[in-house]
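There are 2 protein chains.
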Amino acid sequence: MTTETPLTPTTPHDGPTDGRRVRGDRSRRAVLDLAVQDASVRGLEALTLGSLAARLPVNKSGIAGLFGGKEGLQLAAVEHARGMFVEAVVEPARQAAPGLARLWSLVRHWTDYSRRRVFAGGCFFRTVEVEFDTRDGDVHDAVVTAHRDWTSYLRRHAELAVEAGELGDGTDVDQLAFEITAMLNAANDGSLLLGDDAVYDRALAAVRGALEAHGADPAALAAG
Amino acid sequence: MTTETPLTPTTPHDGPTDGRRVRGDRSRRAVLDLAVQDASVRGLEALTLGSLAARLPVNKSGIAGLFGGKEGLQLAAVEHARGMFVEAVVEPARQAAPGLARLWSLVRHWTDYSRRRVFAGGCFFRTVEVEFDTRDGDVHDAVVTAHRDWTSYLRRHAELAVEAGELGDGTDVDQLAFEITAMLNAANDGSLLLGDDAVYDRALAAVRGALEAHGADPAALAAG
Numbered sequence: 001m002t003t004e005t006p007l008t009p010t011t012p013h014d015g016p017t018d019g020r021r022v023r024g025d026r027s028r029r030a031v032l033d034l035a036v037q038d039a040s041v042r043g044l045e046a047l048t049l050g051s052l053a054a055r056l057p058v059n060k061s062g063i064a065g066l067f068g069g070k071e072g073l074q075l076a077a078v079e080h081a082r083g084m085f086v087e088a089v090v091e092p093a094r095q096a097a098p099g100l101a102r103l104w105s106l107v108r109h110w111t112d113y114s115r116r117r118v119f120a121g122g123c124f125f126r127t128v129e130v131e132f133d134t135r136d137g138d139v140h141d142a143v144v145t146a147h148r149d150w151t152s153y154l155r156r157h158a159e160l161a162v163e164a165g166e167l168g169d170g171t172d173v174d175q176l177a178f179e180i181t182a183m184l185n186a187a188n189d190g191s192l193l194l195g196d197d198a199v200y201d202r203a204l205a206a207v208r209g210a211l212e213a214h215g216a217d218p219a220a221l222a223a224g
Numbered sequence: 001m002t003t004e005t006p007l008t009p010t011t012p013h014d015g016p017t018d019g020r021r022v023r024g025d026r027s028r029r030a031v032l033d034l035a036v037q038d039a040s041v042r043g044l045e046a047l048t049l050g051s052l053a054a055r056l057p058v059n060k061s062g063i064a065g066l067f068g069g070k071e072g073l074q075l076a077a078v079e080h081a082r083g084m085f086v087e088a089v090v091e092p093a094r095q096a097a098p099g100l101a102r103l104w105s106l107v108r109h110w111t112d113y114s115r116r117r118v119f120a121g122g123c124f125f126r127t128v129e130v131e132f133d134t135r136d137g138d139v140h141d142a143v144v145t146a147h148r149d150w151t152s153y154l155r156r157h158a159e160l161a162v163e164a165g166e167l168g169d170g171t172d173v174d175q176l177a178f179e180i181t182a183m184l185n186a187a188n189d190g191s192l193l194l195g196d197d198a199v200y201d202r203a204l205a206a207v208r209g210a211l212e213a214h215g216a217d218p219a220a221l222a223a224g
């Protein structure tokens with residue numbers, strides 16, 4: 001994780017460039033838009049080709065053909081959700097300078113992303129992390145990779161903040177990344193479970209407190 | 001939540017006191033011991049009477065009779081898991097004095113409870129909270145009650161710590177309880193997902209830092 005665009009989703013595979021390809025891409029996207037919403041609520045194992053087909057102009061065997069079966073669909077859903085996450089959280093935060101400003105902007109955009117329910121069931125990755133944490137296989141691995149990429153991205157901007165003198169020299173950036181994701185996840189989970197959005201303000205206050213404890217200028221965290 | 005025993009599970013309902021009752025209680029306990037382990041891994045919706053019966057000396061209709069169907073089984077599993085949680089976390093922490101010592105002891109016992117996998121899938125309540133957060137009904141309500149009771153219990157001992165001068169007057173005990181549960185849950189989830197128990201030390205360090213930031217004597221937190 002050394003580039004500035006580590007969380008950009010991979011580009012679609014090459015393939016036919018005719019009308020069939022275009023229609024296939026459109027169908028694929030329609031299936032995935034629905035699948036990630038369903039999975040954010042009930043998990044990836046609860047996805048069925050039949051339930052998706054019933055709500056789309058594509059039948060079960062068409063979906064199976066597009067994704068090569070259920071595991072292929074699950075993997076494509078994780079990738080699609082990554083793209084939506086990048087669009088909602090990572091891209092808008094790129095307007096902030098690398099380091100402390102980026103870190104704080106990521107935190108604010110993450111709370112917005114969870115609060116406005118980009119995914120119906122709150123953060124897609126929270127649901128599938130808990131679902132796949134004790135499983136093996138490619139879907140588990142994709143979920144772990146998404147988790148590590150996000151944590152590493154936060155950690156990277158914490159490091160840049162230390163290098164720029166925006167956070168103190170003694171800052172344990174792994175500890176800080178752990179605490180930030182803990183607070184964000186707790187806000188997402190608490191909002192869903194208790195139906196009370198006050199937890200987002202608690203998470204922002206906690207992260208602000210942690211950053212200030214490491215020497216961050218309060219003025220740099222004012223826009224939260 | 002005003003008593004010292006708020007998390008004690010409710011006593012079993014009254015019923016026949018003869019041998020049938022004793023056998024029924026024994027069967028009930030055997031089913032629930034297995035059900036909470038399964039549910040901690042795959043959730044309460046994945047429980048089936050058939051799968052439980054296949055591993056126990058009681059058949060499907062026997063289980064249905066004991067619990068009145070699947071929702072009854074799910075509710076009984078939540079109650080049973082509460083009892084195990086009390087035994088693993090709340091009871092041992094009662095050896096510590098109310099206030100800061102109790103609060104810190106609860107945190108340490110919680111990390112032990114998660115780390116030694118009292119439930120095969122880590123904290124039972126983490127799995128079912130994420131599973132039921134967007135559902136309605138009695139099981140959702142039981143899960144929310146368990147969550148609120150635990151948070152309130154932590155909050156209560158934070159309050160007692162403030163009253164005793166062990167934490168500063170300005171301590172926001174709701175915020176503190178939010179941060180403590182956020183760290184504990186993140187450790188549980190991270191340990192399961194990443195297979196690395198270093199997160200428990202991160203959670204303990206984070207909670208210790210939060211308590212010290214509110215004026216806790218570091219010596220009182222030494223045994224962590």
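Protein sequence lines correspond, in order, to chains D and A. For the record, in the first sequence the residue sitting at position 97 is 97 according to the working numbering, with numbers rising by one throughout. For the record, in the second sequence the residue sitting at position 148 is 148 according to the working numbering, with numbers rising by one throughout. Each residue gets a CB set at the ideal place from its N, CA and C atoms; glycine is no exception.
What is the rounded straight-line gap between the Cα of Gln74/D and the Cα of Val58/D? 17 angstroms
Looking at Ala177/D and the ligand SAH, is the gap between the Cβ and the nearest heavy atom below 6 angstroms? Among the components modelled here there is no ligand, and therefore nothing to report on the ligand SAH.
Enumerate in chain order the residues of its own chain whose CB-to-CB distance from Ala216/D is below 7 angstroms, with the five nearest sequence positions on each side excluded. Leu100, Glu166, Leu167, listed in sequence order.
Show which residues of chain A have a CB atom less than 9 angstroms away from the CB atom of Met183/D. Phe178, Glu179, Ala182, Met183, Ala186
For Ala97/A, name the three-state secondary structure that DSSP assigns. coil
Over the uninterrupted alpha helix (DSSP H) stretch that includes Arg192/D, give me the two end residues. As written in the sequence, residue 192/D is Leu, which differs from the Arg given in the question. From DSSP, the alpha helix (DSSP H) with Leu192/D extends over 173-194.
Any C-beta of chain D within less than 7 angstroms: which residues of the stretch 127-153 of chain A qualify? Thr127, Glu129, Val130, Asp133, Thr134, Val144, His147
Beta-carbon of Ala228/D versus every beta-carbon of chain A: anything under 7 angstroms? It is not possible to answer for residue 228/D, since the shown part of chain D is limited to 1 through 224.
May I ask which residues mark the beginning and end of the alpha helix (DSSP H) holding His214/D? The continuous stretches of alpha helix (DSSP H) do not include His214/D, and DSSP gives it neither H nor E.
Please tell me whether Gln175/A has its Cβ less than 7 angstroms away from any Cβ of chain D. yes
Under 9 angstroms from the C-beta of Ala206/D: neighbouring residues of chain A: Gln175, Phe178, Glu179, Ala182, Ala210
Which value, in whole angstroms, describes the spacing of the CA atoms of Val139/A and His157/A? 28 angstroms
Please identify the residue among Leu52/D, Ser114/D, Leu154/D, Arg115/D whose C-alpha is closest to the C-alpha of Arg29/D. Leu52/D
Is it the case that the stretch 196-214 of chain D contacts the stretch 130-146 of chain D, given that we only count it when at least three CB pairs across the two stretches are under 8 angstroms? They do not touch, by the three-pair rule.
Give a yes or no on whether the minimum CB-CB distance between Val22/A and chain D is below 7 angstroms. no
If you scan the stretch 113-182 of chain A from start to end, which runs of the alpha helix (DSSP H) of 4 or more residues do you find wholly inside it? 124-132, 138-163
Excluding sequence positions up to five away, which residues of its chain have a Cβ less than 7 angstroms from the Cβ of Phe124/A? Hits under 7 angstroms: Val36, Ala39, Ser40, Ala81.
Measuring only between beta-carbons, confirm whether Leu192/A sits less than 7 angstroms from chain D. Interface residue, yes.
Examine the Cβ distances between the stretch 115-132 of chain A and the stretch 61-71 of chain A and report whether three or more of them are shorter than 8 angstroms. no
Kindly confirm or deny that the stretch 191-204 of chain D and the stretch 194-212 of chain A touch, where touching means at least three C-beta pairs closer than 8 angstroms. no
CA-CA distance, Glu159/D and Ala96/D? 16 angstroms
What number of angstroms, rounded off, separates the C-alpha of Ala64/D from the C-alpha of Ala54/D? 14 angstroms
With a cut-off of 7 angstroms, does the C-beta of Val58/A fall near any C-beta of chain D? no
Closer than 7 angstroms, CB to CB, is Arg117/D near chain A or not? It does not: the Cβ of Arg117/D has no partner Cβ on chain A nearer than 7 angstroms.
What alpha helix (DSSP H) runs, 4 residues minimum, are completely inside the stretch 35-69 of chain D? 49-53, 60-67
CB Ala164/D to CB Met183/D, shorter than 7 angstroms? Cβ distance not < 7 angstroms, so Ala164/D and Met183/D don't count as in contact.
Using three-state DSSP, classify Ala81/D as helix, strand or coil. Note: Ala81/D maps to helix in three-state DSSP.
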